[in-house]
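**Q** Here you go, one structure.
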Amino acid sequence: MGNETFYHALKINSEVCTGCTHCMNVCPTAAIRIKYGKATINEAACTDCGMCLKTCPRQAIYVEQDDFNQIFKFSYRIILLPSVFIGQFPEDISEEQIFSELHNLGFHYVMEVDKSTGLLMEETKHYLQQHPRQRPFISSFCPAVVRLIQVRFPSLIGHIVRLKQAMDIAAIYVRKKYIDKGIPEKEIGVFYVTQCAAKIAAIKCPVGEENSPVDGVINMDFIYNKILLSINRHKSQVLPRVPEQYHLTPQSIQWTLSGGEASNYPGRCLAIDEIHNVIDILEKLENDELTDIDFLELRACDHSCAGGALAINNRFLTIERLQKRMENYIKYNYISINKMPRYKDFLVKQMQLSGEIPPRSIEKLDEDLSVAFQKMEKITRIMKVLPQIDCGACGTPSCQALAQDVVQGKAKLNQCIFMQKILTREGLLTPEESMELSAKVWGIGKFEKNEE
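Oh and the sequence shown: position 291 is 291 in my numbering, straight run, nothing missing.
Here it is in structure tokens:
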């Protein structure tokens with residue numbers, strides 16, 4: 001898909017937002033501003049990492065989701081799960097119960113997407129061997145990281161492994177499987193349960209592809225609540241229905257956890273989680289401070305997908321359940337029933353990304369290099385008069401951000417409260433004008449006496 005438009009799953013409820021700046025201060029790409037007392041998102045800079053969602057104390061930021069009833073538009077309904085979904089539930093709720101309830105909710109087939117990681121791992125190893133000059137390789141697993149690289153580190157795009165990930169491979173597989181059974185493709189609906197906003201954005205607006213093989217997205221917290229409610233209502237009933245593709249391999253179970261991907265490849269492979277840690281590593285890589293790395297597994301969420309913004313359970317408890325699940329599979333020698341190898345040739349042909357991963361650099365000041373250079377010099381001059389304390393009172397996350405906004409015509413220098421004080425002292429700005437400027441950032445309500 002081209003880089004003209006982008007879908008973002010993260011939305012702000014302006015009726016609830018109080019402009020507290022929590023979200024603005026944690027955004028890794030400085031995509032949030034405060035205007036008239038409300039947070040606003042610069043869609044060109046947003047990566048859908050979900051940091052703002054996690055930190056908002058008012059729950060004013062939410063993830064837009066598809067209507068669940070849309071699944072019934074399709075005659076054959078398939079639901080794809082990440083393995084961390086099982087880890088959301090208490091241990092007294094079995095996998096069989098969870099899968100059975102998904103059938104009862106209207107799905108004909110249930111598949112954990114990590115079933116496809118065996119094939120993905122094999123093809124990734126081939127890819128690493130065939131593209132040695134691309135080293136260090138950066139996994140394309142996390143869509144928030146891919147978007148982060150597009151926005152903040154466009155020079156590193158060439159290091160991203162150009163292979164589709166488990167979710168897409170699983171979707172392509174199940175669709176092909178049902179088509180081979182004689183079911184018309186238009187009657188097959190494939191839905192993914194997501195633990196984060198970035199996966200939604202990746203489905204609605206895929207990078208490196210025109211369209212996603214997934215038809216719709218179901219937020220993990222939503223489907224978790226539906227399943228748990230149903231299980232609690234039918235505790236005395238036996239629910240024997242178990243999907244055909246039941247057991248995963250131990251490697252597949254830990255794929256979405258930190259280290260689950262990097263541990264499978266040769267050489268020096270690092271697993272980094274949490275968006276600010278990822279940024280630190282990418283900065284070092286961009287500055288040639290890291291030169292002896294073979295593979296980077298980068299995940300935006302703390303403790304990888306277990307810490308997803310739409311996950312319900314504590315990330316450490318999720319990890320514990322998945323580790324126990326893996327240990328049980330080894331202890332009891334569970335057999336992984338996997339029919340995907342029958343479709344290996346077909347799937348391998350589908351795994352390469354067909355399109356480019358375009359840069360979306362927010363650092364670019366202008367397409368004309370001479371104009372960009374002039375703007376850069378102006379930013380430097382502005383920074384010399386700003387206090388450089390990054391207080392956020394101007395409605396931007398830092399003095400640097402304000403200087404860039406001023407140069408780009410998106411803000412005024414006198415939004416800075418320190419500049420307002422200086423201008424007022426020198427008689428160049430009246431107190432009334434200063435109040436008006438502040439109201440444009442924080443809204444007039446912040447300056448009205450509340451006697452309630």
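Virtual Cβ for every residue (Gly too), placed ideally from N, Cα, C.
If the criterion is Cβ atoms closer than 8 Å, does the pair residue 168 and residue 252 meet it?
**A** Locating residue 168 in the sequence shown gives position 168, counting from the first residue. Locating residue 252 in the sequence shown gives position 252, counting from the first residue. For residue 168 and residue 252, no; Cβs fall outside 8 Å.
**Q** Who are the Cβ neighbours of residue 360 in its own chain at under 7 Å, not counting the five residues just before and after it?
**A** Counting from one through the sequence shown, the residue named residue 360 turns up at place 360. Cβ within range, chain order: 3, 44, 150 and 151.
**Q** Classify residue 87 as helix, strand or coil using the three-state DSSP reduction.
**A** In the sequence shown, the residue the question calls residue 87 occupies position 87. Reduced to three states, the DSSP call for residue 87 is helix.
**Q** Beta carbon of residue 219: closer than 7 Å to some heavy atom of the ligand SAH?
**A** Summarising the ligand content, the structure contains no ligands, and the ligand SAH is consequently not present.
**Q** Going by the DSSP bridge assignment, what does residue 352 pair with across the sheet?
**A** For this step, residue 352 is matched to residue 352 along the sequence shown. Paired residue(s): 163.
**Q** Could you check whether residue 256 and residue 305 sit closer than 8 Å to each other, using their CB atoms as the reference points?
**A** Here residue 305 is taken as the residue at index 305 of the sequence shown, counted from 1. Here residue 256 is taken as the residue at index 256 of the sequence shown, counted from 1. Their beta carbons are under 8 Å apart, which means residue 305 touches residue 256 by this criterion.
**Q** DSSP three-state call for residue 2: helix, strand or coil?
**A** Start at 1 with the first residue of the sequence shown, and residue 2 comes out as number 2. Residue placement at residue 2 cannot be trusted, given a pLDDT of 41 that sits under 50; what the coordinates show is reported in the next sentence. In this structure, residue 2 counts as coil in the three-state DSSP scheme.
**Q** Which two residues bound the contiguous beta strand (DSSP E) that contains residue 295?
**A** Taking the first residue of the sequence shown as 1, we reach residue 295 at position 295. From DSSP, the beta strand (DSSP E) with residue 295 extends over 295-299.
**Q** With distances taken between CB atoms, is the gap from residue 71 to residue 109 smaller than 8 Å?
**A** Looking up residue 71 in the sequence shown gives position 71. Looking up residue 109 in the sequence shown gives position 109. Not a contact, by the Cβ cut-off of 8 Å.
**Q** Sorted by chain position, which residues of the same chain lie with C-beta nearer than 6 Å to residue 372's C-beta, five sequence neighbours on each side aside?
**A** Your numbering for residue 372 matches position 372 in the sequence shown. For residue 372, where only same-chain residues beyond five positions count, the Cβ hits under 6 Å are 365 and 366.
**Q** What are the uninterrupted segments assigned as alpha helix (DSSP H) that are 4 or more residues long and contained completely in the region 101-173, given in chain order?
**A** As far as the region 101-173 is concerned, its whole alpha helix (DSSP H) runs of at least 4 residues are 117-130 and 143-152.
**Q** Drop a sphere of 10 angstroms on the beta-carbon of residue 179, count the other beta-carbons inside from all chains shown, and report buried for 16 or more, exposed for fewer.
**A** For the purposes of this step, residue 179 is taken as residue 179 along the sequence shown, with counting starting at 1. Exposed, by the Cβ-count rule.
**Q** Can you look up residue 265 in the DSSP assignment and give me helix, strand or coil?
**A** On the sequence shown, residue 265 is found 265 positions in, with the first residue counted as 1. If DSSP states are grouped into helix, strand and coil, residue 265 belongs with coil.
**Q** To which residues of the same chain is residue 323 closer than 8 Å at the C-beta, ignoring the five residues directly before and after it?
**A** If you number the sequence shown from 1, residue 323 lands on position 323. If we look at residue 323 and ignore the five residues flanking it on each side, its Cβ neighbours are 254.
**Q** Does the contact criterion of 3 or more C-beta pairs under 8 Å hold for the region 120-131 versus the region 80-99?
**A** No, they do not touch.
**Q** For residue 447 and residue 441, what's the separation of their Cα atoms in angstroms?
**A** For the purposes of this step, residue 447 is identified with residue 447 of the sequence shown, where counting begins at 1. For the purposes of this step, residue 441 is identified with residue 441 of the sequence shown, where counting begins at 1. Distance between the alpha carbons of residue 447 and residue 441 is about 11 Å.
**Q** May I ask you to report which of helix, strand or coil DSSP gives residue 219?
**A** Here residue 219 corresponds to residue number 219 of the sequence shown, with the count starting at 1. Note: residue 219 maps to strand in three-state DSSP.
**Q** Per DSSP, what kind of secondary structure is residue 324 in: helix, strand or coil?
**A** One-based indexing of the sequence shown puts residue 324 at position 324. If DSSP states are grouped into helix, strand and coil, residue 324 belongs with the helices.
**Q** Residues in its own chain within less than 6 Å of residue 164 by CB, not counting five upstream and five downstream?
**A** As a working note, residue 164 is residue 164 in the sequence shown. The answer, listed in chain order, is 351.
**Q** If you measure between the beta carbons of residue 160 and residue 183, is that distance less than 8 Å?
**A** Start at 1 with the first residue of the sequence shown, and residue 160 comes out as number 160. Start at 1 with the first residue of the sequence shown, and residue 183 comes out as number 183. Taking 8 Å as the Cβ cut-off, residue 160 and residue 183 do not qualify as a contacting pair.
**Q** Return the first residue and the last residue of the beta strand (DSSP E) that residue 418 is part of.
**A** Indexing the sequence shown from 1 puts residue 418 at position 418. Counting along the chain, residue 418 falls outside any beta strand (DSSP E), though it belongs to the alpha helix (DSSP H) covering 417-425.
**Q** Looking at C-alpha atoms only, which residue of 405, 148, 175 and 274 is the closest neighbour of residue 75?
**A** For the purposes of this step, residue 75 is taken as the residue at position 75 of the sequence shown. It is 175 whose Cα lies nearest to the Cα of residue 75.
**Q** Buried or exposed: residue 332, going by 16 or more other Cβ atoms within 10 Å of its Cβ?
**A** As a working mapping, residue 332 is identified with position 332 in the sequence shown. Exposed, by the Cβ-count rule.
**Q** Would you check if the region 383-397 and the region 14-28 touch, i.e. whether three or more CB-CB distances between them fall below 8 Å?
**A** As far as the Cβ criterion goes, the region 14-28 touches the region 383-397, which means the pair count is three or higher.
**Q** Compare the beta carbon distance of residue 222 and residue 267 with 8 Å and say whether it is the shorter of the two.
**A** In the sequence shown, residue 222 corresponds to position 222, counting from 1. In the sequence shown, residue 267 corresponds to position 267, counting from 1. Contact flag unset, no.
**Q** May I ask you to verify whether the region 46-64 touches the region 85-105, counting CB pairs closer than 8 Å and requiring at least 3?
**A** Flag = no, the region 46-64 and the region 85-105 do not touch.
**Q** How is residue 381 classed by DSSP in three states: helix, strand or coil?
**A** For this step, residue 381 is matched to residue 381 along the sequence shown. Here residue 381 sits in helix by DSSP.
**Q** Does DSSP put residue 180 in a helix, in a strand, or in coil?
**A** Position 180 of the sequence shown, counting from 1, holds the residue named residue 180. Reduced to three states, the DSSP call for residue 180 is helix.
**Q** What residue does the alpha helix (DSSP H) around residue 203 start on, and which one ends it?
**A** On the sequence shown, position 203 is the one that residue 203 refers to. Unbroken alpha helix (DSSP H) run through residue 203: 197-204.
**Q** For the alpha helix (DSSP H) containing residue 439, list its first residue and its last residue.
**A** Position 439 of the sequence shown, counting from 1, holds the residue named residue 439. Note, residue 439: alpha helix (DSSP H), 431-442.
**Q** Mind checking whether residue 312 and residue 101 have CB atoms under 8 Å apart?
**A** The residue you call residue 312 lines up with position 312 of the sequence shown. The residue you call residue 101 lines up with position 101 of the sequence shown. No, the Cβ-Cβ distance between residue 312 and residue 101 is not below 8 Å.
**Q** What would DSSP say about residue 405, mapped onto helix, strand or coil?
**A** Numbered from 1 along the sequence shown, position 405 holds the residue referred to as residue 405. Three-state result, residue 405: helix.
**Q** Restricting to Cα atoms, I'd like to know which of 144, 9, 438 and 35 is closest to residue 279.
**A** Indexing the sequence shown from 1 puts residue 279 at position 279. When only C-alpha atoms are compared, the closest one is 144.
**Q** Comparing alpha-carbon positions, which option in 99, 31, 402 and 434 lies nearest residue 381?
**A** Within the sequence shown, numbered from 1, the residue matching residue 381 stands at position 381. Nearest option by C-alpha distance: 402.
**Q** Where does residue 329 fall in DSSP's three states?
**A** Stepping through the sequence shown from its first residue, residue 329 is reached at position 329. Residue 329: helix per DSSP, three-state reduction.
**Q** From the DSSP output, read off the bridge partner residues of residue 256.
**A** Locating residue 256 in the sequence shown gives position 256, counting from the first residue. Paired residues: none, contrary to the question.
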